[in-house]
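Student: Mind the numbering: the sequence shown is residues 644 to 871 in the working numbering, read in order. For glycine and all other residues, C-beta sits at the position ideal for the given N, C-alpha and C. For clarity, every value in this text was computed on a predicted model and none was experimentally measured. Okay, here's the structure, questions in a sec.
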Amino acid sequence: DDAVRSRAMTKPTARGKLDPPRAPPLSQSRRFDYREGKEGPPMPTGGDSRLTQFASHHLAVVCWSYAALRVPCEALYTEIGLEIVKRYQTDNLKEGADGEGPSNLSPQSLGMFAWSFAVANYRDRKALGVLAAAVPHLVKKGRFNAQTVANSVWSFAVLHFFHFPTFALLGDAALRYVGNMSVPATCALLWGLAIAGIHHRPLCAALLTRLPQLLKGMDASQIGIVVW
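The following block contains the structure:
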């Protein structure tokens with residue numbers, strides 16, 4: 644039943660062995676090396692108060708940018724994880740007008756935080772739990788879009804954060820945007836659900852009707868992900 648499955652989904656074990664869809668490669672113009680000497684680039688230390696000055700979206704952009712550029716900065720992700728918990732956990736959050744959920748966390752920011760941690764392979768289960776706890780509020784408000792919901796599913800799966808209710812809600816949200824799903828979003832969404840072991844029947848049925856159009860724009864690896 645769902646209760647048993649929910650407990651099983653929290654175990655940090657992969658449900659499949661296929662490598663995740665890779666993020667687009669960086670162009671040579673965006674590749675760079677640090678040249679600050681033996682000590683490397685400066686990194687924030689515990690309790691860095693400067694991050695509190697960033698609006699939520701700007702903090703998500705910073706996190707995403709470092710991950711996209713493949714900059715090794717575990718210290719920064721640690722600080723951002725602490726900031727996520729401080730801002731959005733149930734006991735501390737600034738509630739929205741309806742009294743539910745954080746008023747200043749958007750689905751885009753949530754997706755960017757989760758994607759960044761996934762690309763960097765940084766597993767902060769407490770921060771991920773806080774982000775997952777915000778999903779019901781954001782789904783209820785209908786604030787997701789096709790790419791954001793796909794990124795969120797993919798990211799939670801990559802990080803082995805298998806929480807059944809979160810995946811089920813994200814699947815419900817994705818169902819609203821099937822008509823706008825791009826090829827990368829479709830592949831990321833299906834891969835994440837498969838790894839997590841979530842068979843969302845209405846979503847799978849809706850995507851099946853959309854696939855004939857999408858197949859024309861898929862390469863071999865993307866077709867392989869869909870078939871898998």
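Return helix, strand or coil for R844, following the three-state DSSP convention.
Tutor: Helix, per DSSP.
Student: With a threshold of 6 Å on Cβ separation, who are the neighbours of D815 within its own chain once the five nearest residues in sequence on each side are excluded?
Tutor: The answer is none, since no qualifying residue turns up.
Student: Contact defined as beta carbons within less than 8 Å: I believe L923 pairs with E722. What is the distance between those atoms, to the nearest angstrom?
Tutor: There is simply no residue 923 to check, as the chain begins at 644 and stops at 871 in what is shown.
Student: Between the stretch 807-823 and the stretch 854-863, do three or more beta carbon pairs fall short of 8 Å?
Tutor: Judged by Cβ distances under 8 Å, the stretch 807-823 makes no contact with the stretch 854-863, as fewer than three pairs qualify.
Student: Would you call T852 buried or exposed, if buried means 16 or more other Cβ atoms sit within 10 Å of its Cβ?
Tutor: Classification for T852: exposed.
Student: Which whole-angstrom value is the C-beta distance of V778 and L813, which I expect to be below 8 Å?
Tutor: So it is a contact: roughly 6 Å between Cβ atoms.
Student: Near L802, what residues of its chain come up, given a Cβ to Cβ distance below 7 Å and the 5 sequence neighbours on each side ignored?
Tutor: If we look at L802 and ignore the five residues flanking it on each side, its Cβ neighbours are F760, A761, R766, L771.
Student: Less than 8 Å between the beta carbons of L774 and I727, yes or no?
Tutor: A contact, by the Cβ cut-off of 8 Å.
Student: Give the DSSP-derived three-state secondary structure of N747 in the structure shown.
Tutor: Coil, per DSSP.
Student: Thinking C-beta only, is A828 closer than 8 Å to A776?
Tutor: Their beta carbons are not under 8 Å apart, which means A776 does not touch A828 by this criterion.
Student: With distances taken Cα to Cα, identify the nearest neighbour of A703 among M755, G724, V714.
Tutor: Answer by Cα proximity: M755.
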